[in-house]
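In the working numbering, the protein residues as written are 382 to 554. Glycine residues also receive a C-beta, built at the ideal position from the N, C-alpha and C atoms. Quick caveat, the model's predicted, so the values are computed rather than measured. Contents: one structure, followed by commentary.
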């Protein structure tokens with residue numbers, strides 16, 4: 382099976398997740414192409430049998446380039462096996478209100494794009510203090526303190542559950 386993984390990443394964790402997915406699917410014998418949504422303008426989806434779209438939540442929204450890609454290709458995506466991976470630090474805590482908000486963000490993203498994925502999975506992201514400017518680092522420290530998270534202000538703290546993601550992919554497509 383020929384599978385597309387199209388992603389949008391701000392600090393790099395979603396790109397890392399996309400690459401992990403590719404490795405898992407290649408190990409299952411699939412052919413995989415991984416591409417950033419910002420580089421996918423001329424992509425012919427007709428050559429793919431299935432697709433994974435992955436984007437991260439920032440200020441309640443997914444990156445616009447992933448939304449543009451999904452909207453442009455919704456008709457083709459709706460005709461194949463698809464998976465949507467939504468990456469967020471809120472997933473790490475599994476608080477009921479956070480999970481409801483993530484579900485609402487995914488629902489809005491899909492409704493706005495016209496794409497109906499076969500499955501939606503919430504994936505925990507990472508604190509990337511090595512990537513943040515002063516203001517974003519301050520905001521992320523505040524978020525972490527509100528959630529009682531221990532973080533490394535000089536490094537990165539990853540919350541992605543790689544075993545869970547591997548399990549999701551073992552049952553897909």
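Item	Value
Sequence-distant residues of its chain with Cβ nearer than 6 Å to residue 448 (five each side left out)	494
Same chain only: Cβ atoms within 8 Å of residue 452, ignoring 5 sequence neighbours per side	493, 494, 495 and 496
For residue 448, the first and last residue of its enclosing alpha helix (DSSP H)	445-453
DSSP beta-bridge partners of residue 439	442
Rounded separation between residue 430 and residue 456 - CA only	14 Å
Contact check, residue 506 vs residue 469, beta carbons under 8 Å	yes
Burial state of residue 413 (16 or more Cβ within 10 Å)	buried
Residue of 423, 472 and 479 minimising C-alpha distance to residue 387	423
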